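Here is the structure we will look at, set down as structure tokens.
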Amino acid sequence: MYIPDFELHRPSTLDQAGTLMKEHGLDARLLAGGTDLLVDLKSGRVVADHVVSLHGIDGLRGLKKEGGALHIGALTTVNQLNDHPLLDGPFSCLRDATTKMAAHQIRNAATVGGNIASAVPCADLPPLLIAMKAEAVLWSAGGERRVPLERFFLGPRQTVMREGEVLTSVVVPQPPAGFGAAYARLALRNGNGIAVAATAAGLTMKDNVIAEARIVIGAVAPVPFYVEAAGALLAGRAPDAAAFAEAAAAAEKAAGPISDVRGSKEYRRDVVGVLTTRALEGALARATNGAEVKS
Ligand SMILES: Cc1cc2nc3c(=O)[nH]c(=O)nc-3n(C[C@H](O)[C@H](O)[C@H](O)COP(=O)(O)OP(=O)(O)OC[C@H]3O[C@@H](n4cnc5c(N)ncnc54)[C@H](O)[C@@H]3O)c2cc1C
-2 MYIPDFELHR PSTLDQAGTL MKEHGLDARL LAGGTDLLVD LKSGRVVADH
48 VVSLHGIDGL RGLKKEGGAL HIGALTTVNQ LNDHPLLDGP FSCLRDATTK
98 MAAHQIRNAA TVGGNIASAV PCADLPPLLI AMKAEAVLWS AGGERRVPLE
148 RFFLGPRQTV MREGEVLTSV VVPQPPAGFG AAYARLALRN GNGIAVAATA
198 AGLTMKDNVI AEARIVIGAV APVPFYVEAA GALLAGRAPD AAAFAEAAAA
248 AEKAAGPISD VRGSKEYRRD VVGVLTTRAL EGALARATNG AEVKS
């Protein structure tokens, strides 16, 4: 099976990319690392005569901090994110995802923007980013808008992005004092195994009580799913086993997995409960003493 012929465009500005996307409409796709797109073109899942590479456009790579918020350029690769010195303090929990997804070679090419824009339900970065209240920055010729990631995904491979829009960065706000997050994931093997199920949890602790909890499940619903009800159950409570068990049960209930080669829907639902407890325990350890967590 070969990748069908396509015309490769190499714009050097967002304006040029926007014009090309407008000109070719549904017949064009943006190219970042290509680890999803080239597979999809080869399999025929995606058909496009025009591929618009983002690689020549300045300003889409790298990390910066502004007012405590972390800005991650969409073209930053997963390994560049993982190794970046600004991925420190409460932001370092993102390494729970960057170290586990895919394999080293893929992580060298795969970008943060591609992981989000592809909107695959088992993608590893979105759950943690949603737990941390991250926003997607979307550029278009008409201007820029920001969308909270929890509202970005509409369904498998479907997002709120409009024709001609480019995801330029992701902004993770500065977490409050007493915040910790963790990501727990199960795959059938360590390398290049996509998640059977996953949970990200973010906890903000104040005076030994949970001030806020955010729980996001991955690979078990059509989108990375923010289970607001599970977090609400924890607010105002002590972070004990009984509270975590209730939240885990709520996450299980919210999951809508399918049966596939990775496991039956019943198994995956059970796994979500286990992973939710693990993620909450990991988030609590980081929130209370910054402990390094084995997830
Ligand atoms: C062997 C293998 C194993 C994998 N394992 C995992 C895994 O464990 N976990 C995981 O999460 N993923 C995994 N993936 C999927 C993939 O590597 C990631 O989702 C990756 O981050 C996609 O990024 P990319 O830069 O390669 O995107 P591309 O393939 O370049 O693009 C993907 C899609 O997003 C669009 N797009 C890309 N960038 C932008 C942008 N800035 N603005 C708007 N649209 C954009 C493209 O048009 C395309 O539709 C795996 C892939 C392979 C091949």
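No gaps in the numbering here: position 233 of the sequence shown is 230 in our numbering, and each next residue is one more.
We put the CB at the ideal spot given by N, CA and C, even for glycine.
These numbers come from a predicted model, not from an experiment.
If you scan the stretch 237 to 264 from start to end, which runs of the alpha helix (DSSP H) of 4 or more residues do you find wholly inside it?
238 to 251
May I ask whether a heavy atom of ligand 1 can be found less than 7 Å away from the beta carbon of T108?
Of the heavy atoms belonging to ligand 1, at least one sits nearer than 7 Å to the Cβ of T108.
Which whole-angstrom value describes the C-beta separation of L122 and V169, a residue pair presumed to lie in contact below a C-beta threshold of 8 Å?
At roughly 11 Å, the Cβ-Cβ gap does not stay under 8 Å, so L122 and V169 are not in contact.
Among P153, M129 and V157, which residue has its Cα nearest to the Cα of R142?
V157
In the structure shown, what three-state DSSP assignment does K19 receive?
Helix, per DSSP.
Curious, which full-length beta strand (DSSP E) runs of at least 3 residues does the stretch 60 to 108 contain?
Here the runs fully enclosed are 60 to 63 and 66 to 70.
Which of the three DSSP states is assigned to P123 in this structure?
helix
Nearest to G233 by alpha carbon, out of A208, A252, A226 and V217?
Of the candidates A208, A252, A226 and V217, the one whose C-alpha sits nearest the C-alpha of G233 is A208.
Taking the beta carbon of E312 as the centre, do at least 16 other beta carbons fall within 10 Å, making it buried, or is it exposed?
For residue 312 there is no data in the structure shown, the boundaries of the chain being -2 and 292.
Check Q13 in the structure and name its three-state DSSP category.
helix
Going by DSSP, what residues sit across from H6 in a beta bridge?
V49
Opposite K203 in the DSSP bridges: which residues?
According to DSSP, K203 bridges with V206.
Could you compute how far the alpha carbon of N14 sits from the alpha carbon of I54?
For the sequence presented, residue 14 should be read as Ala rather than Asn. Rounded to the nearest angstrom, the two C-alpha atoms are 9 Å apart.
Determine the closest residue to F88 out of R42, Y(-1), A128 and L183, with distance taken between C-alpha atoms.
A128
State the DSSP-derived secondary structure class of L135, mapped to helix, strand or coil.
strand
With 16 as the cutoff for other CB atoms within 10 Å, does K97 come out buried or exposed?
buried
Nearest CA to the CA of L60: which residue from T16, L23 and G110?
G110
Assuming L78 and L57 form a contact by the criterion Cβ under 8 Å, report the distance between their Cβ atoms to the nearest whole angstrom.
In fact, because the Cβ distance is near 13 Å, the residues do not count as touching under 8 Å.
Considering only residues of the same chain and omitting the five flanking positions on each side of L67, which have a CB-CB separation below 6 Å?
F88 and V169
How is A195 classed by DSSP in three states: helix, strand or coil?
In the structure shown, A195 sits in a strand (DSSP, three-state: E or B).
Could you check where the alpha helix (DSSP H) with A229 kicks off and where it finishes?
E225 to L231
Quick check: the Cα distance between A218 and I212, rounded to an integer number of angstroms?
Distance between the alpha carbons of A218 and I212: 14 Å.
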